[in-house]
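As structure tokens, the structure follows; a few thoughts come after it.
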Ligand code: SF4
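In this note's numbering, the protein residues as written are 30 to 435.
Printed below as a string of structure tokens:
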């Protein structure tokens, strides 16, 4: 992987982000909110909160292969091994007094929250996860309860969520001591829209043949769109990343030399095994050109002139919260847009919400649309759920099947 300048810049902006967060948590004049990745980040940012994301911490624990032993600590506190391993590894790390943020960014520990805010559009786990910390830190926990699995954007559902966002801002003003400034919210939504568009354009460079980037590159560069969206720093970062990627694309740089197979990754990343997958795919001359996971942060339709409604729509439209028909349609289009030969469905043991291989979707895609796929089994963080040998056999069989069909 090239993208040398952006990778260097990424380290700098993430260091700044975490150090600001840490300083804010030690300053009585600043407020820290913990937030779920689905938001409502924009409202919190516009109200001046410094925002921390436990899911990002879970991913970091997974990527550094620290998660598996920590999960046991949470299990011993009654959090089942079958529930989200972001949750169990994160709570386990907290109980153990451990965080990779110390070594990576020099933080003394986690930034203590003044409030925890979640949105159930992704899953119910976030509510229980944040409630744990609410009890530990004795701080308020607030939630947005989104209607689930929408097939169409129902105006009533949008109005419901927009109303909850307005009420949330009102409740948060009890913590900050200040009302939400509507102009600041508009500006935050504008910056979020800009960063989302740049992120999407970066991902779309993978439509080229050969693709200059892979899913694995995208997982590295997605941190700012998750933790810093709504900031100028994120806009500048993605602007630089896009330029650097476009140069690579124009000069014919390939993420996988000799690319002859293009795959679409569906489901959560297996954070501790990204290198294994990158090597496995590379050995087959296969490039994972796109993924639902990374595309999920390319929010569209953000309009600063109707901030609450557009945030509600963006949130309800996330893939994880859509009905099965929408998912089928979305995947067909993505496969076509990116010229993918097949889909790799990752069945993540502890995240049923972001696993789409359990209710016949792969079969419908094959039968109705001729899209081949393979389902591999594993997890986002818990490495005990994963077999390298079995996965390799399944992926190699898919590659052979496609080669035979050509
Ligand atoms: S969507 Fe899945 S991985 Fe994310 S917090 Fe919920 S259960 Fe965990």
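The C-beta atom is built at its ideal place from N, Cα and C for all residues, glycine as well.
Tell me whether residue 173, by its Cβ, gets closer than 7 Å to a heavy atom of ligand 1.
no
Using a Cβ-Cβ cutoff of less than 7 Å, which residues in the same chain neighbour residue 423 once the five nearest sequence positions on both sides are dropped?
403, 405
Please say whether residue 328 and residue 416 have beta carbons closer to each other than 8 Å?
no
Okay, do the region 165-183 and the region 51-58 touch, 3+ Cβ pairs below 8 Å being the bar?
no
Quick one: what does DSSP say residue 148 is sitting in, helix, strand or coil?
strand
Report buried or exposed for residue 397, applying the criterion of at least 16 other Cβ atoms within 10 angstroms of its Cβ.
exposed
Which residue's Cα is closest to the Cα of residue 204: 117, 346, 232, 171?
171
Under the rule that 16 or more other beta-carbon atoms within 10 Å means buried, what is residue 276, buried or exposed?
exposed
Look at the alpha carbon of residue 368 and the alpha carbon of residue 291, and state the distance between them as a whole number of angstroms.
7 Å
What beta strand (DSSP E) runs, 3 residues minimum, are completely inside the region 151-216?
170-173
Could you spell out the range, first to last residue, of the beta strand (DSSP E) harbouring residue 290?
290-295
Alpha carbon to alpha carbon, what distance is there between residue 106 and residue 268?
44 Å
Assuming contact is defined by CB atoms lying nearer than 8 Å, are residue 300 and residue 103 in contact in what I supplied?
no
Apart from the five residues just before and just after residue 143, which ones in its own chain have a Cβ nearer than 7 Å to its Cβ?
60, 61, 62, 168, 204
Rounded to the nearest angstrom, how far is the Cβ of residue 108 from that of residue 120, given a contact under 8 Å?
6 Å
By the 10 Å Cβ neighbour count, where 16 or more other Cβ atoms means buried, how is residue 41 classified, buried or exposed?
exposed
Within the same chain, show all residues whose beta-carbon is closer than 7 Å to that of residue 311, passing over the 5 residues directly before and after it, in chain order.
285
Same chain, Cβ closer than 8 Å to residue 231, five either side skipped, listed in chain order:
242, 247, 250, 267, 270, 271, 274
Does DSSP classify residue 120 as helix, strand or coil?
helix
Throw me the rounded Cβ distance for the residue 345 and residue 197 pair, which I believe falls under 8 Å.
In fact, because the Cβ distance is near 16 Å, the residues do not count as touching under 8 Å.
Can you find a heavy atom of ligand 1 that lies under 7 Å from the Cβ of residue 297?
yes
Could you check whether residue 84 and residue 112 sit closer than 8 Å to each other, using their CB atoms as the reference points?
no
Taking 6 Å as the limit between beta carbons, can you name the residues of its chain near residue 306, skipping five residues before and five after?
none
For the putative contact between residue 118 and residue 99, defined by C-beta atoms under 8 Å, what is the C-beta separation to the nearest angstrom?
5 Å
Let me make sure I understand the geometry here. Which of 148, 234, 43, 323 has the alpha-carbon closest to that of residue 280?
234
Residue environment, residue 212, which counts as buried when at least 16 other CB atoms sit within 10 Å:
exposed
Beta carbon of residue 385 nearer than 8 Å to that of residue 377:
no
Nearest to residue 49 by alpha carbon, out of 87, 130, 88, 31?
130
Name, in chain order, the residues that DSSP records as bridge partners for residue 316.
291
Which residues does DSSP list as the beta-bridge partners of residue 377?
407
Could you name the residues of the same chain whose beta carbon sits closer than 7 Å to that of residue 175, not counting the 5 residues immediately before and after it, in chain order?
148, 149, 150, 190, 344, 345, 350
Is the beta carbon of residue 187 sitting closer than 8 Å to the one on residue 342?
yes
Does DSSP classify residue 300 as helix, strand or coil?
helix
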